[in-house]
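What follows is a short report on a single structure.
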Amino acid sequence: MCFSPQADVVGGLVICAIGVDAVRHVGQRREFLALAWIPLLLGAHQFIEALVWLWLQGHVPRGIGHIALWAYLLIAF
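Structure, rendered in structure tokens:
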């Protein structure tokens, strides 16, 4: 989202809720399971982005911030 850590957390919650609903509704159509997990991955990406924001603002320790940064980049690429 790139607005603020708070916006990333709210966005992550909404996207994860959509992902949980998508995974629940896959049912017997297992070929769509990987596709249904994409919103959960993107929701986690939002939470990780919030950690990066907090690290850049000095609220998160350096080690956690670096791990969050690399996890964010890994998912982004």
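With my numbering, the residue at position 43 of the sequence shown is 41, and numbering never jumps. All C-beta atoms in this analysis are idealised placements derived from N, C-alpha and C, irrespective of residue type, glycine included.
#1: Quick check on H43: buried or exposed, where buried means 16 or more other Cβ atoms within 10 Å of its Cβ?
#2: Can you tell me which of the three DSSP states C14 falls into?
#3: Compare the beta carbon distance of V8 and F45 with 8 Å and say whether it is the shorter of the two.
#4: In whole angstroms, what separates the C-alpha of V24 from that of A74?
#5: Under 8 Å Cβ to Cβ from P37, same chain only, skipping five residues before and after it: list those, please.
According to the structure shown:
#1: As a first step, residue 43 is located in the sequence shown; it is residue number 45 there, counting from the start. When all chains shown are included, H43 counts as buried.
#2: As a position in the sequence shown, residue 14 is number 16, starting the count at 1. Three-state DSSP puts C14 in a helix.
#3: The count along the sequence shown starts at 1 and reaches residue 8 at position 10. The count along the sequence shown starts at 1 and reaches residue 45 at position 47. Not a contact, by the Cβ cut-off of 8 Å.
#4: Reading the sequence shown from its first residue, position 26 is the one you call residue 24. Reading the sequence shown from its first residue, position 76 is the one you call residue 74. Straight-line spacing of the CA atoms in V24 and A74 works out to 25 Å.
#5: To locate residue 37, count along the sequence shown from 1; it is residue 39. A distance below 8 Å between beta-carbons, with the five flanking residues on each side excluded, links P37 to the following residues of its chain, in chain order: I13, C14, I16, G17, A20.
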